[in-house]
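Protein sequences appear in the order of chains R and B.
Using our numbering, the first residue of the first sequence is number 3, and each one after it goes up by one.
Using our numbering, the first residue of the second sequence is number 89, and each one after it goes up by one.
Even for Gly, the Cβ is constructed at its ideal location relative to N, Cα and C.
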Amino acid sequence: MIRSWIRQHRRAFAHSLAKLVAHKSTMLLNALVIGVALALPAGGYALLASLESLTVRLAPEPQLSLYLKGDAARAQIDAISVKLRSDARIAGWRFVSRGEALAALRATEGLAEVVAALGENPLPDAFVVRAKATAPEALEVLARDLQQLPAVDQVQRDSAWVRRLAAITATGRIATGVIALLLSVGLVAVTFNSIRLQILTHAEEIEVSRLIGATDGYIARPFYYLGLVQGALGGLVALGILAGALAALNVGVRNLAAAYGSAFELGFPGFGDAAGLLGFAALLGWLGAYLSVSVHLRRTP
Amino acid sequence: MISFSAVSKRYPGGQQGLQEISFTLEPGEFVFVAGRSGAGKSTLLKLIPAIERPSAGTVLVNGQNVGALRRAAVPYLRRNLGLVFQNQRLLYDRSVYDNVALPLAFSDHSPREAERRARAALDKVGLLGRERARPVQLSGGEQQRLAIARAVVNRPSILVADEPTANLDIESARSILEIFVAFNQVGVTVLIATHDEALIEGCGRRVLRLSAGRLQP
Ligand SMILES: Nc1ncnc2c1ncn2[C@@H]1O[C@H](COP(=O)(O)OP(=O)(O)OP(=O)(O)O)[C@@H](O)[C@H]1O
Ligand SMILES: [Mg+2]
């Protein structure tokens, strides 16, 4: 029973591969269309994943930097310390003198030469303040209050750009999701139509097979496999396009990152993601074939 | 065994195919269905594999009421029947071998057994050696033989053939008939529709005569 079932499936699979070979130019063209369409959202996800790894590394903290005026006196600095200590909204703070800041900068990857070239220290004294609240509005109010202190030149919310990046990637994720959804529907439609053409091409064979005892399942099976294989081929094409595009982009990204002394580059999808993409493409192909068969193969004899 | 009792067939368009047909075919019988064009011969034959369903009455095939058969059960009925269609219904883009082997694909045989059966069927109709040819490369009579080979490849106990000798000269028609006689001699029930009276006369077999959808006494 099981063996005959396996044999039937193997035969249907061989049958559909034979069809694939017989109509290879059409099928390859379909796979190409599917591949190009899938490469777009897949590439979007790869870029977003790289950007997100960047934002995770620079995780946002409720932190403010108070840069002091160049001529801030020792007494003024002490006065600010007292103020900060008495503010209930502040969890902790640290004074960073201009000398310490320069030393830290010098230790930063790729910036030593820049610091050496500066000659004199352009950095101001600063307080690094950690707030208790994390809500952007609360931080906004705190920053405005601290700005009013004497000798404070500028209050900077260090995490602002990180948060902006996170917002951008979140928006990008939604946009990519929408594109992926729309293109998936398109791919199901492409498969639906190509299987419809296959069914029309084999109309006589299907009808004769029915007349001499083929079950609906037997007739439908090769078309399911056809959709599945065509979708998986499309997935392979998408992976190829993605790998090529990322490699090309990385030439530029690597140069850009090197200019900032960083080794950042765009990551290729891992084995799991690649397998997921292939599986997803195959699933879409199967779905298109299933719908097509349901619509076009159900004529009662 | 095939048994019709009070079977009528009216097509959706209103045409009356058959009216009040009753007869019984015993296992191993060899019977002709005769009648002019439009008499209802094909209609009668199509009721047996449930290609058409009766509008009234019952059709029993091996004890099964095929008029009331569920759609999903129909393929299994057909696999146990050998069917030769009026217009043969060969696949012209496939080889002779593929045409014969078609029914074997969905009954469950090992590849080796399938090949053995396909070659045996071709041998019985005298087409062994033509496996690689296309149906269009065969003569009309050879195409009829191919259709018969496909019908018998699953070794059915009942053979139903619609005009298997149409458009053939009397010599070729007789040699086709010989094939059916040979199957009948090993116990296969044979039902052949034909309008060729000359063919029927020389045989001395039972004849069901149809006229305008009714059985003549
Ligand atoms: N699918 C159909 N739809 C409507 N009417 C049909 C259909 N098939 C047959 N008929 C009608 O039923 C009647 C019997 O047709 P049938 O095909 O059974 O005749 P036949 O004896 O096989 O004729 P022939 O010798 O020409 O093959 C005819 O009047 C025909 O027009
Ligand atoms: Mg007819």
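List the endpoints of the continuous alpha helix (DSSP H) containing valine 297/R.
273 to 298
Residues near alanine 222/R by beta carbon distance below 7 Å, same chain, minus five either side
Val295 and Leu299
Distance, leucine 53/R Cα to alanine 169/R Cα:
11 Å
Kindly indicate which three-state DSSP category proline 303/R falls into: helix, strand or coil?
Because the pLDDT at proline 303/R is just 41, under 50, the model does not fix this residue reliably, and the value given afterwards should be weighed accordingly. Residue state, collapsed to three classes: coil.
Where arginine 182/B and arginine 204/B are concerned, what is the direct C-alpha to C-alpha distance, given to the nearest angstrom?
19 Å
Please indicate yes or no: does the CB of aspartate 250/B lie closer than 7 Å to some heavy atom of ligand 2?
yes
According to DSSP, is lysine 71/R helix, strand or coil?
coil
Please report the distance separating the alpha-carbon of leucine 234/B from that of proline 199/B.
20 Å
Does the segment 116 to 127 of chain B touch the segment 176 to 193 of chain B, meaning 3 or more C-beta pairs lie closer than 8 Å?
no
Taking only three categories from DSSP, how would you classify isoleucine 214/R?
coil
Contact check, proline 224/R vs alanine 14/R, beta carbons under 8 Å:
yes
Is any heavy atom in ligand 2 found nearer than 7 Å to the beta carbon of leucine 299/B?
Going by the sequence as given, residue 299/B is serine instead of leucine. No - ligand 2 has no heavy atom lying nearer than 7 Å to the Cβ of serine 299/B.
Using a Cβ-based criterion (distance less than 7 Å to any ligand heavy atom), does serine 130/B qualify as near ligand 1?
yes
Below 8 Å on the Cβ atoms is my guess for leucine 235/R versus alanine 33/R; work out the distance and round it to an integer in Å.
4 Å
Between which two residues does the beta strand (DSSP E) harbouring lysine 97/B extend?
90 to 98
Mapping the DSSP letters down to three states, classify threonine 253/B as helix, strand or coil.
coil
Kindly list the residues whose CB is nearer than 8 Å to the CB of threonine 178/R, restricted to its own chain and excluding five residues on each side of it in sequence; keep chain order.
Pro43, Gly46, Tyr47 and Leu50
Below 7 Å between beta carbons is the criterion; list the residues of the segment 188 to 221 of chain R that meet it against any residue of chain B, in chain order.
Glu206, Glu207, Val210, Ser211, Leu213, Ile214, Gly215, Ala216, Thr217 and Tyr220
Within the same chain, show all residues whose beta-carbon is closer than 6 Å to that of alanine 127/B, passing over the 5 residues directly before and after it, in chain order.
Leu298 and Ser299
Kindly examine ligand 2 and report whether one of its heavy atoms sits closer than 7 Å to the Cβ of glutamine 103/B.
no
Of all Cβ atoms in chain R, is any one closer than 8 Å to the Cβ of leucine 135/B?
no
Listed by chain order, chain R residues near arginine 166/B by CB distance under 9 Å
Arg212, Leu213, Ile214, Gly215 and Ala216
Would you call the segment 271 to 286 of chain B in contact with the segment 242 to 258 of chain B, where contact means no fewer than 3 C-beta pairs closer than 8 Å?
yes
Quick one: does proline 303/R have its CB under 8 Å from some CB of chain B?
With a pLDDT of 41 at proline 303/R, under the threshold of 50, the modelled position of that residue is not reliable, and no figure is offered here.
Verify the contact flag: glutamine 174/B, CB atom, against every heavy atom of ligand 2, threshold strictly below 7 Å.
yes
DSSP state of serine 88/R, grouped into three classes?
helix
Determine the direct distance from the alpha carbon of glutamate 206/R to that of serine 195/B, and round the result to whole angstroms.
20 Å
Just to confirm, is the Cβ distance from glutamine 78/R to valine 130/R under 8 Å?
no
What residues match up with arginine 297/B in a beta bridge as DSSP calls it?
Ala122/B
Do you know whose CA, among Glu267/R, Ile201/R and Gly278/R, lies nearest valine 297/R's CA?
Ile201/R
State yes or no: is the C-beta of serine 125/B nearer than 7 Å to some heavy atom of ligand 1?
yes
Any idea what DSSP makes of alanine 55/R, helix, strand or coil?
As written in the sequence, residue 55/R is serine, which differs from the alanine given in the question. Correct three-state label for serine 55/R: helix.
Between arginine 13/R and chain B, is the shortest Cβ-Cβ distance under 8 Å, so that the two count as touching?
yes
What three-state label does DSSP hand serine 264/R in the structure shown?
coil
From leucine 19/R to valine 190/R, what distance separates their C-alpha atoms?
20 Å
If we define contact as Cβ-Cβ less than 8 Å, is isoleucine 176/R a contact residue for chain B?
no
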